[in-house]
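Student: One structure follows; several queries about it will come next.
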Amino acid sequence: MMSPLVARLLLLVCLALPLYGVEKVRNRGYRKDPDHEKCTGNDAEKPNCTRHSEEGRSTYLYGTCMQGPAGTPGREGNPGTNGIPGTPGIPGRDGLKGEKGECINEIFEEPWRPNYKQCAWNSLNYGIDLGKVADCTFTKLRTDSAVRVLFSGSLRLKCKNACCQRWYFTFNGAECTGPLPIESIIYLDQGSPELNSTINIHRTSSVEGLCEGVKAGLVDVAVWVGTCADYPRGDASTGWNSVSRIIIEELPK
Numbered sequence: 002m003m004s005p006l007v008a009r010l011l012l013l014v015c016l017a018l019p020l021y022g023v024e025k026v027r028n029r030g031y032r033k034d035p036d037h038e039k040c041t042g043n044d045a046e047k048p049n050c051t052r053h054s055e056e057g058r059s060t061y062l063y064g065t066c067m068q069g070p071a072g073t074p075g076r077e078g079n080p081g082t083n084g085i086p087g088t089p090g091i092p093g094r095d096g097l098k099g100e101k102g103e104c105i106n107e108i109f110e111e112p113w114r115p116n117y118k119q120c121a122w123n124s125l126n127y128g129i130d131l132g133k134v135a136d137c138t139f140t141k142l143r144t145d146s147a148v149r150v151l152f153s154g155s156l157r158l159k160c161k162n163a164c165c166q167r168w169y170f171t172f173n174g175a176e177c178t179g180p181l182p183i184e185s186i187i188y189l190d191q192g193s194p195e196l197n198s199t200i201n202i203h204r205t206s207s208v209e210g211l212c213e214g215v216k217a218g219l220v221d222v223a224v225w226v227g228t229c230a231d232y233p234r235g236d237a238s239t240g241w242n243s244v245s246r247i248i249i250e251e252l253p254k
């Protein structure tokens, strides 16, 4: 039979064992480091601290404290200074050779200068029906230019029956071919019984045109009177009782 003293000791051991197991489980893995300090205030930056819970029990967080709420974002900093310039890169390789260009010769020409001439007659009164009426010489400066000519004067034609007369320009004795002759005609459909009838009208008229292909140099410009093709001639008169003139002008093409 067990003595009363031994029975009491067994009873105490049975009561103490459960409490010891609970405390061991509670402290398992939470061995307190002697370097740990108690967290107070803004000690979140401390590497090792002990933060107490509301129940007054110590909580050990494996060397770090629990993170608190985020603070207010700070202002942007001033721009930094420029960095050190980099080193030059490796030079590139030469490109492929290009095609040979065209050779263009620049021609510097002098500015165009006006070149014109006028010949005038007072009361020419030339009554021929066929032949040269008047002429005017002109110095043409360039071959690649055109010549503008103008005759202005009184013209008249009369005849018994239908007749036609033609006034035209020549250049060194030949009519213009670039592109066509320069001419003017008067045609009278019905004349009078006599040449000296009252139908005798003199009107100031003009013969004008532009001729190309005339070579540079001295040019004899003349006005002629002649017949129209397939029509008889009449009694012609040029420059009666008035001023007649020929105007010649060289123009660039």
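Its first residue numbered 2, the sequence shown is counted upward by one per residue in my numbering.
We put the beta carbon where it would ideally sit given N, CA and C, even for glycine.
These figures come from a predicted structure and were not determined experimentally.
Report the option in G78, S153 and A217 whose CA atom is closest to the CA atom of A223.
Tutor: Residue S153 is the option with its Cα nearest to A223.
Student: Leaving out five residues on either side along the sequence, give the residues of the same chain with a beta carbon under 7 angstroms from the beta carbon of T144.
Tutor: K216 and A217.
Student: Starting from the Cα of S206, find the closest Cα among G90, T239 and L125 and give me that residue.
Tutor: For S206, the nearest C-alpha among the options comes from T239.
Student: If you run the structure through DSSP and keep just helix, strand and coil, what is R114?
Tutor: Reduced to three states, the DSSP call for R114 is coil.
Student: In whole angstroms, what is the alpha-carbon distance linking I186 and F139?
Tutor: Spanning the two alpha carbons is a distance of roughly 25 angstroms.
Student: Within the same chain, show all residues whose beta-carbon is closer than 6 angstroms to that of E176, passing over the 5 residues directly before and after it, in chain order.
Tutor: Excluding positions up to five away in sequence, the list reads P182.
Student: Excluding the 5 residues preceding and the 5 following S124 in the sequence, name in chain order all residues of the same chain whose CB lies nearer than 8 angstroms to its CB.
Tutor: Result list for S124: G240, W241, N242, S243 and V244, in chain order.
Student: So for R204, helix, strand or coil by DSSP?
Tutor: Correct three-state label for R204: strand.
Student: Check whether chain B comes within 9 angstroms of S155, counting only Cβ atoms and requiring the distance to be less than that.
Tutor: Checking the listed chains, one finds no chain B in this structure; it contains a single protein chain.
Student: Just to confirm before moving on: does the CB-CB distance between I248 and L142 stay below 9 angstroms?
Tutor: The answer is no: Cβ separation not under 9 angstroms.
Student: Specify the secondary structure class of R149 as computed by DSSP and reduced to three states.
Tutor: Here R149 sits in strand by DSSP.
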